[in-house]
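What follows is a set of notes on a single structure, which appears directly below.
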Amino acid sequence: MADAMIRSGQVKTCLVVAAEVKSRSIDPVDGDTALLFGDGAGAVVLRGEPEAGQLSRGLLGLRLHADGSQHGLITIPAGGSRRPTTTGTVEAKNHTLRMQGAPLFRLAVKRLDQAIREIVKEFGVDIHDIAQLVLHQANGRILDQLTKRLGVSPERVCSVIGRYGNTSSASLPIALDHSVRSGRILPHDIVLLGSFGGGVTWATGLVRW
């Protein structure tokens, strides 16, 4: 959305913010979620500034996907408009995150692997020319599997899950910041972004930094 607003001339600069307080929706005795998720926030400043004689920088391509048939793999059963909070739902802990870890893991690896291959092919980018793959920090095993499937070196796949946990939407800007600060992303590098979440939904993007 920010990219479209800048390209259409509506704005020159956008601040994109992602913040999550997952601790409010986690059951502390549920090992499937309590050990994975963390609170976090990240932000990115986007600005439209053409550079004469330079390669076009910014978003090269974005692809969004969804499969509602798999919505039950990760849910919060109650607490919203469809099933409002009651004493009963709170006592049953239905306001906390429920996740089917094994099938969700398999689906995330399959869909992201497929989506990454599709977007690099569509835009004529060799995956080995991508400086850094900045992916949703769901868990380390997903990152490891994608690294192996795609045939890229671990150094080119950002991993901060061990430091921050799964911070949901905030994980991409946090991982992106880490990659930039550590010198793994330099001006004019091609960066691949990838995310996966509830719904289920997933997306990939190519950016020239």
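The sequence shown begins at 357 in the working numbering and counts up by one.
Ideal Cβ placement from N, Cα and C applies to all residues, glycine included.
Values in this document were obtained by computation on a predicted structure and should not be read as measured data.
Exposure of S437 is indicated by the presence of fewer than 16 other C-beta atoms within 10 angstroms of its C-beta. With distances taken between CA atoms, L453 lies nearest to I382 out of I382, H427, R540. Considered as a whole, the segment 416–477 harbours 443–447 as its complete alpha helix (DSSP H) runs of no fewer than 4 residues, in chain order. Across the structure, G553 and I472 are spaced so that their CA atoms are roughly 16 angstroms apart.
The beta carbon of T445 is closer than 8 angstroms to those of P433, A434, G435, R439, H451 in its chain, skipping five residues each way along the sequence. Nearest to G428 by C-alpha distance, out of K504, G555, G404, V401, is G555. Here the alpha carbons of A526 and H544 stand approximately 24 angstroms from one another. Secondary structure of T503 (DSSP, three-state): helix.
In this structure, DSSP gives A494 a state outside helix and strand, which the three-state scheme calls coil. T369 is not a Cβ neighbour of V400, given a cutoff of 8 angstroms. At a Cβ-Cβ threshold of 8 angstroms, G414 and D469 do not count as neighbours. According to the DSSP assignment, A358 belongs to the alpha helix (DSSP H) that extends over 358–363.
In its chain, beyond the 5 residues on either side, L429 have a beta carbon closer than 7 angstroms to the beta carbon of P459.
In the same chain as L418, and ignoring 5 residues on each side of it, the C-beta atoms closer than 6 angstroms to its own belong to G561, in chain order. Contact check for Y520 against Q501 fails: the beta carbons are separated by 8 angstroms or more. Residue pairing from DSSP places L402 in a beta bridge opposite C370. The continuous beta strand (DSSP E) containing R564 extends over residues 557–564. Excluding sequence positions up to five before and after V465, its CB lies within less than 8 angstroms of the CB of I498, Q501, L502, R505, all in the same chain and listed in chain order. Per DSSP, the unbroken alpha helix (DSSP H) holding V536 starts and ends at 527–537. With contacts defined by Cβ atoms closer than 8 angstroms, L491 and V508 do not form a contacting pair.
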